[in-house]
Structures are given as C-alpha cells and as structure tokens.
Amino acid sequence: MQTVDSLTNLFSPVKLGPYTLTNRIVMAPMTRLRAVGSLPNELMATYYAQRASAGLIVSECTMVSPLSNGYMNCPGIYSQEQIEGWKQVTEAVHAQGGKIFLQLWHSGRVAHSALLNGELPIAPSAIAAAGTLHTPIGKVNLETPRALETKEIPQIVEQFRQGAENAMTAGFDGVELHGAFGYLIDQFLQDGSNQRHDEYGGSIENRTRFLLEVVTAVTNVWGGNLVGIKLSPSNTFYGMKDSNPQETFSYAIARLNDFNLAYIHLMEPNETDLANREVLNPVLPIFRPLYIGTIITNGGYDKQKGNQVLSSGEADLVSYARLFIANPDLPQRFQIDAGLNTPEVKTFYGIGDKDLEKGYTNYPFLEV
Ligand SMILES: Cc1cc2nc3c(=O)[nH]c(=O)nc-3n(C[C@H](O)[C@H](O)[C@H](O)COP(=O)(O)O)c2cc1C
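Pasting the structure below:
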C-alpha cells in the first residue's frame with residue numbers, strides 16, 4: 053500500500069510500477085465486441101484514445117489463443133495481424149499522453165464449439181457454466197466443457213506467456229491477467245468449477261497453482277511491477293461459486309505478495325451477485341490487510357465514493373467501467389463536477405459489423 057493521507061483523492065498522482073500516473077482514475081476493462089474478425093482496428097484506437105485522460109486504461113479482455121474465444125468480435129493477441137492491430141491502439145493512446153495495459157484472457161468453459169471451429173471448450177473440470185452465449189449459430193446455452201489433461205496445462209500457461217510477450221511487441225505499458233468473472237483462471241481457483249484430482253485441484257494450494265504458474269510466466273516477461281491481476285471473490289456470474297471464498301481468495305491474495313505486482317484489481321459484488329446469494333460484501337476490507345501492494349478497487353463507484361475510499365487509504369486507485377463508456381472525458385467531468393452522459397446498455401456490445409461507432413465513439417465530450 054502506498055502512503056496516503058486524508059487529502060488523497062482521485063486527482064492525487066500515484067506511482068504504479070515505474071510510472072507516475074496523473075490521476076487515480078482507471079478505466080476498467082470492458083469487452084465491447086468491435087474487433088471484427090478478432091482484429092483490433094482503427095475504430096478501437098479512436099475509442100481508447102478518446103479515454104486517454106484516465107490515469108490508466110485497462111483494455112477489454114483479449115484472447116491468448118483461438119480456443120479462448122468466448123465472444124464474437126472479441127480481439128486476440130496471438131497472431132501477428134492482431135499485434136499490428138493493437139499497435140494502432142497503443143500508439144493512439146500514447147499520442148494522447150495515456151497509459152494502457154492489455155487484459156490477457158482465456159474464457160475456458162465460457163465458450164461454445166460454435167465459436168471454436170467445432171472443438172469443445174476446455175476447463176479444469178467437465179462442469180458447464182450457467183448462461184448463454186451469442187454464436188454464429190445463434191444464442192446457445194453454455195456447453196459442458198472438456199476437462200484439461202494435466203499434461204495440457206503447461207501449453208495454456210505458455211499461451212499466456214506468449215500473449216504477454218506479444219502485448220509488449222504491440223506497445224502496451226503492461227498487462228492485466230483476467231482472474232475474475234468466471235473465466236479460466238477463476239475456474240481453476242474456485243471449487244464450484246474445479247473438481248480435479250491432480251495437482252491442480254482439491255486443496256486451495258492446488259487450485260491456486262494454475263494462477264500462480266500464469267503469474268510466474270507473465271511476470272518473467274514483464275517483471276512483476278508491470279503486471280496486474282483482476283479478481284472477483286463475490287462474483288456469481290456464469291454460475292461461479294466456492295465452498296469458502298474467503299479462505300480461497302485470502303490464500304491466493306497472500307501468495308500474490310511474492311510477485312511485487314503492479315496491482316491487484318479487486319471487484320466488489322454487484323446487485324445481481326447480492327440478489328443471487330449471500331456473498332462477501334464489501335470485499336475490500338476483508339482482503340486489503342492481506343496484501344502489501346497496490347489495490348485498484350472496482351464496482352459501483354462514483355466520484356464521491358471514489359474519493360472516500362482513497363482518503364480512507366483502503367485502496368490506492370479506483371476503476372470505473374460503465375461511466376467510461378458514456379463519458380470519454382470522465383476525469384475532466386469529475387474535476388469540475390460536470391454532468392455525466394448516461395450509458396446506453398443496448399450498444400454496450402457490437403453486433404455484426406454494422407454501426408459499430410454507435411454507443412462507442414460517439415458519446416459527446418464536454419463543450420468548453
Ligand atoms: C460492457 C461491459 C463489458 C465488460 N467487460 C469486461 C472485461 O472484458 N473484463 C473484465 O475484467 N471486466 C469486464 N467488465 C466488468 C467491468 O470491468 C467492471 O468490473 C464492472 O462493470 C463494475 O464496474 P462499474 O460499476 O464501474 O461499471 C465489463 C463490464 C461492462 C459493463
């Protein structure tokens with residue numbers, strides 16, 4: 053944790069790894085499904101550059117391999133063409149003085165063979181996630197995945213490592229591992245989705261093994277202080293559950309102390325999680341004392357709540373997702389207490405390849 057006092061607020065500069073960020077307002081990762089053919093493009097460069105006044109941008113989740121595809125028009129970072137596509141984005145953000153981390157992602161069981169050229173999704177165990185997905189054959193229920201064989205797991209770790217290296221080639225300032233929201237890393241961590249009997253399942257130590265192997269591989273590429281990880285101990289999305297989330301996440305977070313990471317990005321439960329079942333709430337006070345490094349807190353913050361949590365010293369930065377969709381100049385609006393545009397839910401995700409700029413790059417900036 054960094055030094056704070058009661059005057060620390062969203063506009064206090066902050067050290068993050070080797071960088072000094074001009075504010076503590078982070079743009080949270082958001083899938084927007086505008087990467088037609090999984091290729092980052094000029095429109096995405098415009099979108100991210102518009103939001104470069106955030107202290108840090110974390111990109112949308114990005115596939116580390118073709119088999120990690122959970123969504124149509126989600127970008128990847130495993131081909132040369134994708135690396136070239138991302139270069140447009142990083143150059144555009146840097147030209148505006150911003151910093152951007154790439155979110156490395158494997159969807160695991162949140163996928164469907166219709167998105168994977170007929171192959172079954174892979175996961176720690178053959179347990180289907182709850183929910184539906186849009187695929188080229190329409191909206192489908194999530195399929196029961198194939199359990200990874202022990203000998204296959206190093207290949208997946210290698211995909212994350214390669215993705216981290218590719219992100220460096222593409223000009224990113226760092227990477228964030230998507231360990232949240234019911235995707236592959238989270239699937240290994242929680243016993244509702246991990247019923248393995250090998251060294252990757254059973255005890256908490258074993259369920260944390262995959263996460264730690266990925267963190268080790270990726271920090272070997274970037275160094276610890278340019279790698280963050282997002283965790284969501286109270287997320288119930290995609291049927292995620294654990295028999296003892298406090299114990300599981302306490303262990304994982306304590307182990308992450310060993311890596312001198314740029315940050316842990318910790319997500320609070322949302323209204324659906326709270327309605328679904330009893331979950332840890334709030335998350336931050338439970339885990340803050342266990343972690344010695346920087347914490348970005350996320351979930352349901354506005355300006356006032358953001359300033360409060362920073363001045364209390366409980367978190368070091370605050371990330372905003374939905375507010376950044378509709379307000380490309382969110383920091384400036386916060387600074388002068390300007391009104392906020394309302395995000396339009398129906399254009400959160402791009403559909404097909406038409407009108408992709410609608411609800412994406414056409415939200416108005418403040419008029420000055
Ligand atoms: C449209 C949309 C897409 C999202 N995609 C991602 C994603 O790719 N990776 C991720 O970690 N979180 C994703 N999230 C979750 C957000 O990063 C964030 O955790 C959540 O929206 C709560 O923050 P907020 O209350 O400021 O919106 C997404 C959220 C939204 C609204």
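Here the sequence shown stands for residues 53 to 420, numbered as in this note's numbering.
Beta carbons are placed, not taken as given, at the ideal position from N, Cα and C, and that holds for glycine.
- Short note on Gly352: C-beta closer than 6 angstroms to some heavy atom of ligand 1.
- Here the stretch 279-298 lies against the stretch 322-335, with 3 or more beta-carbon pairs under 8 angstroms apart.
- For Gly190, there is no enclosing alpha helix (DSSP H); the residue is part of the beta strand (DSSP E) that begins and ends at 190-193.
- DSSP places Lys282 in no alpha helix (DSSP H) but in the uninterrupted beta strand (DSSP E) bounded by 279-283.
- In the structure shown, Met220 falls within a helical segment according to DSSP collapsed to helix, strand and coil.
- By the neighbour-count definition (other C-beta atoms within 10 Å, threshold 16), Leu156 is a buried residue.
- Look at Thr83: its beta carbon is less than 6 angstroms from one of the heavy atoms in ligand 1.
- In the DSSP assignment, Thr184 falls within the unbroken beta strand (DSSP E) covering 184-187.
- When secondary structure is reduced to three states using DSSP, His146 falls in the helix class.
- Annotation for Gly226: the continuous beta strand (DSSP E) segment containing it runs 226-230.
- In this structure, Met319 has its beta carbon less than 6 angstroms from a heavy atom of ligand 1.
- Taking one beta carbon from each stretch, the stretch 348-355 and the stretch 289-304 have fewer than 3 pairs nearer than 8 angstroms; the two do not touch.
- Its chain contains Ser363 as the residues whose beta carbon lies nearer than 7 angstroms to that of Ser58, once the 5 sequence neighbours on both sides are disregarded; these appear in chain order.
- Apart from the 5 residues on each side of it in sequence, Thr72 sits with its Cβ closer than 6 angstroms to the Cβ of Pro65 in its chain, given in chain order.
- In the structure shown, Gly128 falls within a strand segment according to DSSP collapsed to helix, strand and coil.
- The alpha-carbon of Tyr123 is positioned some 29 angstroms away from that of Asn333.
- The stretch 244-312 is shown to contain whole alpha helix (DSSP H) runs of 4 or more residues at 256-274, 297-308, in chain order.
- Excluding five sequence positions before and after Pro321, the CB atoms of its chain that fall closer than 6 angstroms to its own CB belong to Ser286, Val331, Asn333, given in chain order.
- In terms of side-chain proximity, the C-beta atom of His186 is found no nearer than 6 angstroms to any non-hydrogen atom of ligand 1.
- The alpha helix (DSSP H) runs of length 4 or more contained entirely in the stretch 61-148 are, from start to end of the chain, 94-102, 132-147.
- When distances are taken from the beta-carbon of Arg374 to the heavy atoms of ligand 1, the shortest one is below 6 angstroms.
- Taking 8 angstroms as the upper bound for CB-CB distance, Ala181 and Val162 are in contact here, some 5 angstroms apart.
- In the three-state scheme derived from DSSP, where H, G and I count as helix and E and B as strand, Thr349 is classed as strand.
- In the structure shown, Val331 adopts coil according to DSSP, grouped into three states.
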